[in-house]
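Contents: one structure, followed by commentary.
Numbering (our numbering), first residue to last: 33 to 193.
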């Protein structure tokens, strides 16, 4: 998959030592949930051999969760976040997801706008006690109309986790 400006977006094929070193350096100044032991996939955006952006999707408690979306400042506004988000949603759809979730701070309008275009809505998960001011979770219900944004995928033709 390509983003704008020759950026290639692809699933990380091998979580080997070299990749893990680059991954840790990319997130050195912020936290990201460890997903070892969970069904998951990492996606990266590459400008030649440099990681320009990165993200992960994992299955936890029967929910596909988007996490770790980050784009280096010098690569922003090139469609990388959109491409990484689409790759992760497609991954979940291919695995029979009924819903896709993510969370972020209310002030992160860039991320919120990136996700709202797909139909994500702000909600409070069943396991939380929150108000509109404290809810930071967004849910995308998978409906037949969502598949129009993902050519080549058809509802009901994919395996479940």
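Heads up, the beta-carbon is just placed ideally off N, CA and C, and yes, glycines get one too.
A quick note: this is a predicted structure, and the numbers were derived from the prediction, not measured.
- Message: residue 39 and residue 110 - do their beta-carbons sit closer together than 7 Å?
- Response: Position 78 of the chain shown, counting from 1, holds the residue named residue 110. Position 7 of the chain shown, counting from 1, holds the residue named residue 39. A contact, by the Cβ cut-off of 7 Å.
- Could you name the residues that DSSP lists as bridge partners for residue 131? One-based indexing of the chain shown puts residue 131 at position 99. Beta-bridge pairing links residue 131 to 173.
- Could you please give the first and the last residue of the uninterrupted alpha helix (DSSP H) stretch that includes residue 121? Along the chain shown, read from residue 1 onward, the residue named residue 121 stands at position 89. Segment 112-126, the alpha helix (DSSP H) holding residue 121.
- Task: Check residue 190 in the structure and name its three-state DSSP category.
- Result: Here the question's residue 190 lines up with position 158 in the chain shown. Interpretation of residue 190 is limited by its pLDDT of 49, a score under 50 that renders its predicted location unreliable; no figure is taken from the coordinates.
- Query: So, using beta-carbon positions, are residue 113 and residue 162 closer together than 7 Å?
  - Reply: One-based indexing of the chain shown puts residue 113 at position 81. One-based indexing of the chain shown puts residue 162 at position 130. Cβ distance not < 7 Å, so residue 113 and residue 162 don't count as in contact.
- Residue range of the unbroken beta strand (DSSP E) whose run includes residue 56: Working through the chain shown from its first residue, we reach residue 56 at position 24. Here residue 56 belongs to no beta strand (DSSP E); instead the alpha helix (DSSP H) covers 49-58.
- Query: Can you tell which of 69, 92, 51, 63 has the C-alpha that lies nearest to the C-alpha of residue 75?
  - Reply: As a working mapping, residue 75 is identified with position 43 in the chain shown. For residue 75, the nearest C-alpha among the options comes from 51.
- Item | Cβ-Cβ separation, residue 125 to residue 174 (assumed contact under 8 Å), whole Å | For this step, residue 174 is matched to residue 142 along the chain shown. For this step, residue 125 is matched to residue 93 along the chain shown. Residue 174 to residue 125, Cβ: 7 Å. Contact.
- Item | Range of the contiguous beta strand (DSSP E) that encloses residue 144 | For the purposes of this step, residue 144 is identified with residue 112 of the chain shown, where counting begins at 1. From DSSP, residue 144 is part of no beta strand (DSSP E) but of the alpha helix (DSSP H) over 141-148.
- Which residues mark the beginning and the end of the beta strand (DSSP E) in which residue 99 is found? Here residue 99 is taken as the residue at index 67 of the chain shown, counted from 1. Counting along the chain, the beta strand (DSSP E) containing residue 99 begins and ends at 95-103.
- Item | Proximal residues to residue 105 (C-beta, below 8 Å), its chain only, five neighbours per side dropped | Here residue 105 is taken as the residue at index 73 of the chain shown, counted from 1. If we look at residue 105 and ignore the five residues flanking it on each side, it has no Cβ neighbours.
- Item | The beta strand (DSSP E) enclosing residue 76, as first and last residue numbers | The count along the chain shown starts at 1 and reaches residue 76 at position 44. It spans 71-79 - the beta strand (DSSP E) in which residue 76 sits, taken as one unbroken run.
- Item | From 129, 121, 81, residue whose alpha carbon lies closest to that of residue 99 | Translated into the one-based positions of the chain shown, residue 99 becomes position 67. Answer by Cα proximity: 121.
- Task: Look at the alpha carbon of residue 130 and the alpha carbon of residue 49, and state the distance between them as a whole number of angstroms.
- Result: As a working mapping, residue 130 is identified with position 98 in the chain shown. As a working mapping, residue 49 is identified with position 17 in the chain shown. If you take the alpha carbons of residue 130 and residue 49, they lie about 34 Å apart.
- Query: Going by C-alpha distance, which of 72, 64, 58, 60 is nearest residue 45?
  - Reply: Numbered from 1 along the chain shown, position 13 holds the residue referred to as residue 45. It is 72 whose Cα lies nearest to the Cα of residue 45.
- Query: Measuring CB to CB, does residue 182 end up less than 7 Å from residue 170?
  - Reply: The residue given as residue 182 occupies position 150 in the chain shown. The residue given as residue 170 occupies position 138 in the chain shown. Between residue 182 and residue 170, the C-beta gap is not smaller than 7 Å, which leaves the two residues out of contact.
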